[in-house]
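When we follow our numbering, the leftmost residue of the sequence shown carries the number 63, and every step to the right adds one.
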Amino acid sequence: MTPQPTHPLAGKEAETVSIDRSLIGKESPEEVFEVEKGAIRKFAEAIGDPHPAFRSGEIAPPTFPITFRMGIPGVNLELSRVLHGEQEYSYRRPVRAGDRLRCKTRVADVYEREGRLGKMTFLVTEIEGRDEAGELVFTGRSTIIVR
């Protein structure tokens, strides 16, 4: 008799990850990211965006800030348990090659929902990027699901 396949998380409800709501409002230290032409070109190629401004590396595609990896103290997640929920960005101006952006991210919300396989925790973070003059360039909001 052939064993029936099971979902990889079947029977693992006891291992559900919970994120402490006291982390809401917690911010990362500020980090500076230098936007390079080569990084813009590679990102545009990776996402298949044919726009000439992106392919030349002069202007970054709208989702480029996803490459700014930032951690928040106290938030340590096992990547195998994380799903991308959604993300959005708003811009005051385009991100350009040569920009030095001062970025920080913060925990905006933490909440739980019951799913088919048990409890899921939703972590909502916000990021902002400012130029060297302190002017706001972009903001972003991202939701990840931790199962």
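Every residue, glycine too, gets a C-beta built ideally from N, C-alpha and C.
All values reported here derive from a predicted model rather than from experimental measurement.
Beyond the five residues adjoining it in sequence on each side, glutamate 194 comes within less than 7 Å, by CB distance, of Arg162 in the same chain, given in chain order. The DSSP-derived three-state label of serine 90 is coil. Here the alpha carbon of threonine 183 sits roughly 20 Å from the alpha carbon of glycine 202. By the CB criterion at 8 Å, glycine 119 and isoleucine 102 fall inside the cutoff. The Cβ-Cβ distance between alanine 115 and isoleucine 121 falls below 8 Å. Rounded to whole angstroms, lysine 88 and leucine 139 show a C-alpha spacing of 16 Å. If you ignore the 5 residues before and after glutamate 150, its C-beta comes within less than 6 Å of the C-beta of Arg203, all in its own chain and listed in chain order. In the displayed model, serine 118 falls within coil according to three-state DSSP, outside both helix and strand. Around the Cβ of glycine 191, a 10 Å sphere holds 16 or more other Cβ atoms; the residue is buried. Residue environment for proline 91: exposed (fewer than 16 other C-beta atoms within 10 angstroms of its C-beta). One thing to note: alanine 170 has its Cβ no nearer than 8 Å to the Cβ of glutamate 148. Each of Glu98, Pro127, Phe95, Ser80 was checked against the Cα of phenylalanine 200, and the nearest Cα belongs to Pro127. Restricting attention to Val97, Gly136, Phe95, the CA atom closest to the CA of arginine 168 is found in Gly136.
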